[in-house]
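Under this note's numbering, residues 323 to 724 are what the sequence shown spells out, in order. Heads up, the beta-carbon is just placed ideally off N, CA and C, and yes, glycines get one too. What follows is a short report on a single structure.
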Amino acid sequence: SEVEVNAVGRIIRELSREEGEQGHEVTLAIDLAVQRLAYERFGEENGAAVVMDVETGEVLALVSAPGYDPNVFAEGISGERWRALLGDAKAPLVNKAVAGQYAPGSTYKMVVALAALESGLVDPASRVSCSGAYQFGDSTFHCWKREGHGAVDMETAIKVSCDVYFYETARRIGVDRIAAMAKRFGLGRPTAIDLSGEKAGLIPSREWKRAAMGQIWHQGETLVAGIGQGYVLSTPLQLAVMTARLVNGGKAVVPRITRAVRGEDRPDPPPPASIGVAPEMLEVVLRGMDGVVNGGGTAAGIRIADPNMQIGGKTGTSQVRRITAKEREAGVKKNDELPWHQRDHALFVGYGPVHQPRYAVAVLVEHGGGGARVAAPIARDILKLVMERDPARRTHNVAEKA
């Protein structure tokens with residue numbers, strides 16, 4: 323409407339009004355029970371969660387926390403309230419699931435592993451010795467496990483999330499091979515979901531740095547990219563898409579949230595094309611992800627005993643601050659000893675059931691600390707509910723498949 327105001331901004335009278343038109347009825351793929359649980363599981367935490375059907379691409383839950391009450395806009399929002407929302411450090415107005423861009427941390431290691439396998443430069447059975455640190459020139463790159471993991475092969479390196487293994491692997495194959503593989507898994511570009519405001523993330527390469535910064539790429543940056551840090555950025559939605567493509571046999575499934583408009587079902591998308599990754603290579607990575615949860619890996623604490631409900635996945639910790647050599651010598655500070663904004667982001671990508679994957683999830687908790695402790699339990703509870711609500715999956719008999 324158009325109104326007349328006085329010198330202090332008070333409305334005197336309404337000059338004209340244009341009545342709004344009712345919009346089209348839209349039916350979403352969102353499962354309300356799963357959406358509600360995902361939001362509740364965040365509690366006071368910030369972040370995002372996305373759940374996808376790995377075959378159809380339907381998004382069953384898409385959560386950004388904290389949220390806000392959209393009803394405050396219905397009758398007009400005060401300037402004070404609007405400024406408070408805009409200035410909130412927890413960014414409630416940002417849909418973090420599609421517009422939050424974060425370093426994926428160790429959830430990126432599957433992409434690095436597949437790039438290595440496809441290059442032919444790395445044998446999955448070959449072992450790399452991890453002493454807790456990796457020397458490269460004058461620089462030392464540290465593993466998250468200070469005492470090291472010993473000699474690990476690819477599957478074990480994924481299971482225990484050995485940074486040294488992936489430093490060495492990234493060095494052997496180079497950043498451009500990693501970037502090319504990441505793009506095939508939907509990273510570094512919009513996913514084409516039917517929502518506005520989606521960000522593209524960032525997958526660095528030598529050419530990208532030349533174009534964006536006018537600088538050459540340094541090999542030390544390759545090592546950092548090999549563990550999903552440095553310039554690498556992704557959205558939680560992209561990580562869910564990546565996981566779906568990992569577990570559905572390498573099909574380029576695209577996320578979709580709208581099921582029908584004006585009562586008419588949206589046409590089914592064409593069958594997704596293959597991203598061209600050999601099944602035996604995917605199998606190596608999936609064995610590692612299975613081991614993360616069910617083989618004593620970094621997320622062993624979320625294992626589900628029922629073999630028909632077991633999940634696989636990968637933990638991740640996204641570092642947001644630089645740790646100096648002096649701090650390492652004195653002992654790296656724990657997350658709960660740091661100000662909130664300096665704490666690591668916690669991530670987990672997962673899927674279930676392990677023996678016949680149907681659902682993928684990505685969970686990111688801003689400044690939540692370690693992925694195993696914070697993000698993984700949320701992901702487990704979400705996957706458990708979505709599998710329970712799918713009778714066909716719940717009654718699947720593992721013995722029959724064997």
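Residue i - partner residues in DSSP beta bridges
i      : result
ILE333 : VAL327
PHE463 : TYR456
SER451 : ALA473
ALA371 : VAL385 and VAL685
THR637 : PHE670
ALA582 : THR349 and ASP587
GLU710 : Answer by DSSP bridge pairing: none, since GLU710 is not bridged.
LEU524 : LEU555
SER596 : LYS573
GLU380 : ARG578
SER338 : GLU324
Of the listed residues the options, nearest to residue i (C-alpha basis)
i      : options                           : result
VAL576 : ALA360, MET374, GLY454 and HIS689 : MET374
ALA437 : GLU469, PHE488 and GLY454         : PHE488
GLY638 : MET603, TYR681, LEU686 and PHE364 : LEU686
TRP466 : ILE525, PRO679, SER451 and ASP485 : ASP485
ILE350 : PRO593, GLY379 and ARG609         : A quick correction: the sequence has Leu, not Ile, at residue 350. LEU350 has its Cα closest to that of GLY379, out of PRO593, GLY379 and ARG609.
ALA514 : GLU529, ALA396, GLY542 and VAL563 : VAL563
TYR681 : THR491, MET432, THR565 and ALA329 : THR565
SER483 : GLY536, VAL450 and SER461         : VAL450
ALA574 : LEU555, GLN551 and GLY598         : GLY598
GLY542 : MET709, SER461, ILE500 and LEU517 : SER461
ILE549 : GLU688, THR429 and VAL683         : THR429
ASP498 : ALA694, TRP539, ASN417 and PRO593 : TRP539
LEU509 : PRO526, ARG494, GLY496 and SER386 : PRO526
PRO593 : MET603, ARG609 and GLY572         : GLY572
ALA600 : ALA387, LEU439, TRP404 and GLY610 : LEU439
PHE670 : ILE626, VAL615 and LEU707         : VAL615
VAL385 : TRP404, GLY401 and TYR361         : TYR361
LEU517 : LYS505, LEU559, ALA533 and ALA534 : LEU559
VAL433 : GLU343, MET476 and ASP712         : MET476
LEU545 : GLU397, ALA533, GLY610 and THR491 : THR491
ASN630 : ASP712, ARG567, LYS505 and ASP666 : ASP712
LYS505 : ARG567, VAL474 and GLN551         : ARG567
Alpha carbon of residue i to alpha carbon of residue j, nearest angstrom
i      : j      : result
GLY691 : PRO426 : 13 Å
VAL642 : TYR553 : 12 Å
GLY345 : VAL583 : 10 Å
ASP587 : THR580 : 9 Å
ARG511 : ILE624 : 31 Å
ASP628 : GLY365 : 27 Å
GLU377 : PHE507 : 15 Å
HIS677 : ALA547 : 31 Å
SER640 : PRO589 : 38 Å
MET709 : PRO675 : 7 Å
ILE500 : GLU529 : 13 Å
LEU382 : ALA419 : 13 Å
ALA622 : VAL394 : 43 Å
ALA447 : VAL606 : 10 Å
LYS636 : GLY496 : 23 Å
ALA502 : LYS481 : 24 Å
THR478 : LEU561 : 22 Å
GLU336 : ILE399 : 18 Å
ASP445 : LEU354 : 45 Å
ALA697 : LYS531 : 32 Å
ARG493 : ALA370 : 32 Å
VAL348 : ASP410 : 31 Å
GLU688 : ARG363 : 14 Å
MET603 : TRP404 : 51 Å
ARG578 : ARG468 : 42 Å
PRO591 : GLY442 : 34 Å
PRO388 : GLY459 : 44 Å
ALA668 : ARG609 : 22 Å
LEU533 : ILE352 : Reading off the sequence, residue 533 comes out as Ala, not Leu. Distance between the alpha carbons of ALA533 and ILE352: 40 Å.
VAL343 : GLY401 : Here residue 343 turns out to be Glu, not Val, going by the sequence shown. One C-alpha to the other measures close to 27 Å.
Cβ-based neighbour list, residue i, same chain, cut-off 8 Å, excluding 5 preceding and 5 following
i      : result
VAL327 : ILE333 and ILE334
GLN423 : LYS521, GLY523, LEU524, LEU555, SER556 and THR557
Cutoff 6 Å; reference residue i; Cβ partners in own chain excluding five residues on either side
i      : result
VAL569 : VAL376, TYR673 and PRO679
SER338 : GLU324
VAL683 : VAL373, GLY672, ALA701, ILE704 and LEU705
GLY472 : none
THR695 : The residue asked about is misnamed: residue 695 is Arg in this sequence, not Thr. Closer than 6 Å at the Cβ level, and outside the excluded window around ARG695, lies no residue.
TYR456 : PHE463, VAL486 and TYR489
GLY613 : LYS481 and GLY619
ILE626 : GLN632
Cβ neighbours of residue i in the same chain (closer than 7 Å, five flanking residues each side left out)
i      : result
SER453 : GLY470
LEU407 : TYR390, PRO414 and LEU415
GLY519 : ASN417, VAL420 and ALA421
GLN537 : LYS531
At 4 residues or longer, what runs of the alpha helix (DSSP H) sit wholly inside the region 390-455? 401-409, 418-421 and 431-441
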